[in-house]
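Peer 1: After the structure tokens below, expect a handful of questions from me.
Numbering (this note's numbering), first residue to last: 35 to 274.
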């Protein structure tokens with residue numbers, strides 16, 4: 035099997051440069067067409083909530099409130115992921131989704147070292163994503179308060195354990211990631227052709243030049259015999 039040096043590899047690739055470029059361009063085109071014509075677009079809407087461990091959530095938040103609230107926010111998120119909440123969202127939006135479908139669309143995340151909960155809804159319909167996110171944000175304070183209020187907080191009117199920070203005012207397309215997919219396709223196409231070209235070169239045992247005989251067999255070339263075929267207009271030689 036032929037051993038290749040770096041210089042050999044460069045020469046081989048340069049001989050097939052147009053094949054490599056063509057394969058790369060074709061792969062990029064395939065990836066781009068797939069993203070634009072066949073891949074299902076997904077849209078994300080985001081709303082944000084603030085959770086507190088007491089019923090007196092005001093516009094002024096102290097450090098003590100933040101520390102203590104972080105301990106109970108996970109409980110709030112668990113309640114918002116319940117079937118009860120999902121049923122309320124389906125009822126309020128009037129959208130034809132099952133619990134399982136809705137559950138797969140919604141993602142809750144807690145900002146590090148805060149009591150801020152991000153509600154992210156991913157859906158194939160951008161309008162549905164925004165409606166679900168805003169409906170869930172609107173229902174969240176009511177649902178959380180219903181679990182934690184008591185007669186004293188109800189009578190005093192202080193029953194706001196969670197409040198809305200921001201509602202979703204739009205969506206962003208999160209899939210397909212056209213730039214990434216086209217790059218990966220282009221790289222894969224280029225790498226695949228380069229690998230095939232180098233593999234064929236390594237497996238090729240054809241003697242093409244005098245140097246091939248010396249390099250591969252360590253035998254000196256004593257002379258060359260030209261091809262005298264009158265119909266052959268190339269410069270073929272036989273080595274011996």
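Built from N, CA and C at the ideal position, the CB exists for glycine as well.
Give the secondary structure of residue 154 by DSSP, where H, G and I count as helix, E and B as strand, and everything else as coil.
Peer 2: Here the question's residue 154 lines up with position 120 in the chain shown. Strand.
Peer 1: Is it true that the CB of residue 210 sits closer than 9 Å to the CB of residue 195?
Peer 2: Position 161 of the chain shown holds residue 195. Position 176 of the chain shown holds residue 210. No. Outside cutoff.
Peer 1: Assign residue 165 to buried or exposed, taking buried as 16 or more other Cβ atoms, counted over all protein chains shown, within 10 Å of its Cβ.
Peer 2: Counting from one through the chain shown, the residue named residue 165 turns up at place 131. The residue in question, residue 165, is buried, as its Cβ has 16 or more Cβ neighbours within 10 Å.
Peer 1: In terms of alpha-carbon separation, which member of 127, 160 and 232 lies closest to residue 49?
Peer 2: The count along the chain shown starts at 1 and reaches residue 49 at position 15. The shortest C-alpha separation from residue 49 is found at 232.
Peer 1: If you draw a straight line from the alpha carbon of residue 91 to that of residue 212, how long is it in whole angstroms?
Peer 2: By one-based count along the chain shown, residue 91 stands at place 57. By one-based count along the chain shown, residue 212 stands at place 178. Any reading at residue 91 needs caution, since the residue's pLDDT is 49, under 50, leaving its predicted position unreliable; the model's value is listed next. Roughly 43 Å between the two C-alpha positions.
Peer 1: Would you list the residues sitting across from residue 142 in a DSSP beta bridge?
Peer 2: Position 108 of the chain shown, counting from 1, holds the residue named residue 142. DSSP, once it has assigned bridges, lists 153 as partnering residue 142.
Peer 1: Considering only residues of the same chain and omitting the five flanking positions on each side of residue 75, which have a CB-CB separation below 8 Å?
Peer 2: Translated into positions along the chain shown, residue 75 becomes position 41. Contacts found: 158, 207, 209 and 210.
Peer 1: Helix, strand or coil, according to DSSP, for residue 76 in the structure here?
Peer 2: On the chain shown, position 42 is the one that residue 76 refers to. DSSP places residue 76 in strand when its eight states are reduced to three.
Peer 1: If you follow the beta strand (DSSP E) that residue 209 is part of, which residue opens it and which one closes it?
Peer 2: Counting from 1 along the chain shown, the entry for residue 209 is found at position 175. Element bounds for residue 209: 206–209.
Peer 1: Mind checking which residues open and close the alpha helix (DSSP H) that includes residue 42?
Peer 2: Residue numbering aside, residue 42 sits at position 8 when the chain shown is read from its first letter. Where residue 42 is concerned, the enclosing alpha helix (DSSP H) stretches over 40–49.
Peer 1: Quick one: any contact between the region 223–240 and the region 105–118, if contact means 3 or more CB pairs under 8 Å?
Peer 2: Contact between the region 223–240 and the region 105–118 is absent, because fewer than three Cβ pairs lie under 8 Å.
Peer 1: Which of the three DSSP states is assigned to residue 200 in this structure?
Peer 2: Here residue 200 is taken as the residue at index 166 of the chain shown, counted from 1. In this structure, residue 200 counts as strand in the three-state DSSP scheme.
Peer 1: Helix, strand or coil for residue 243 per DSSP?
Peer 2: Sequence index remark: in the chain shown, residue 243 carries index 209 (1-based). Coil.
Peer 1: Compute the distance between the beta-carbons of residue 127 and residue 169, then report whether it is under 9 Å.
Peer 2: What you label residue 127 is simply residue 93 of the chain shown in a count that begins at 1. What you label residue 169 is simply residue 135 of the chain shown in a count that begins at 1. In contact: residue 127 and residue 169 (Cβ atoms closer than 9 Å).
Peer 1: Check residue 65 in the structure and name its three-state DSSP category.
Peer 2: Working through the chain shown from its first residue, we reach residue 65 at position 31. Reduced to three states, the DSSP call for residue 65 is helix.
Peer 1: Would you decide whether residue 204 is buried or exposed? Buried here means 16 or more other CB atoms lie within 10 Å of its CB.
Peer 2: In the chain shown, the residue the question calls residue 204 occupies position 170. With fewer than 16 other Cβ atoms within 10 Å, it is exposed.
Peer 1: I need the straight-line Cα distance from residue 152 to residue 129, nearest angstrom please.
Peer 2: Start at 1 with the first residue of the chain shown, and residue 152 comes out as number 118. Start at 1 with the first residue of the chain shown, and residue 129 comes out as number 95. Near 22 Å, if we compare the C-alpha coordinates of residue 129 and residue 152.
Peer 1: If residue 47 and residue 40 are in contact, beta carbons under 8 Å, what's the gap, nearest whole angstrom?
Peer 2: Reading the chain shown from its first residue, position 13 is the one you call residue 47. Reading the chain shown from its first residue, position 6 is the one you call residue 40. Actually they do not touch by this definition, with Cβ atoms about 11 Å apart.
Peer 1: Starting from the C-beta of residue 172, find all residues in its chain whose C-beta is less than 6 Å away, skip the five residues before and the five after it, and write them out in chain order.
Peer 2: Within the chain shown, the letter at position 138 stands for residue 172. No residues qualify anywhere along the chain.
Peer 1: Would the beta-carbon of residue 78 fall within 9 Å of that of residue 154?
Peer 2: Counted from its first residue, the chain shown places residue 78 at position 44. Counted from its first residue, the chain shown places residue 154 at position 120. Against a cut-off of 9 Å, the Cβ pair of residue 154 and residue 78 comes out as a contact.
Peer 1: Apart from the five residues on each side of it in sequence, which residues of its chain come closer than 8 Å, Cβ to Cβ, to residue 105?
Peer 2: On the chain shown, residue 105 is found 71 positions in, with the first residue counted as 1. For residue 105, where only same-chain residues beyond five positions count, the Cβ hits under 8 Å are 87.
Peer 1: Can you tell me whether residue 84 is buried or exposed? The criterion is at least 16 other CB atoms within 10 Å of its CB, across all chains shown.
Peer 2: The sequence position of residue 84 within the chain shown is 50, counting from 1. So residue 84 ends up on the buried side.
Peer 1: Using a 10 Å radius around the Cβ and a threshold of 16 neighbouring Cβ atoms, would you call residue 59 buried or exposed?
Peer 2: Counting from 1 along the chain shown, the entry for residue 59 is found at position 25. It counts as exposed.
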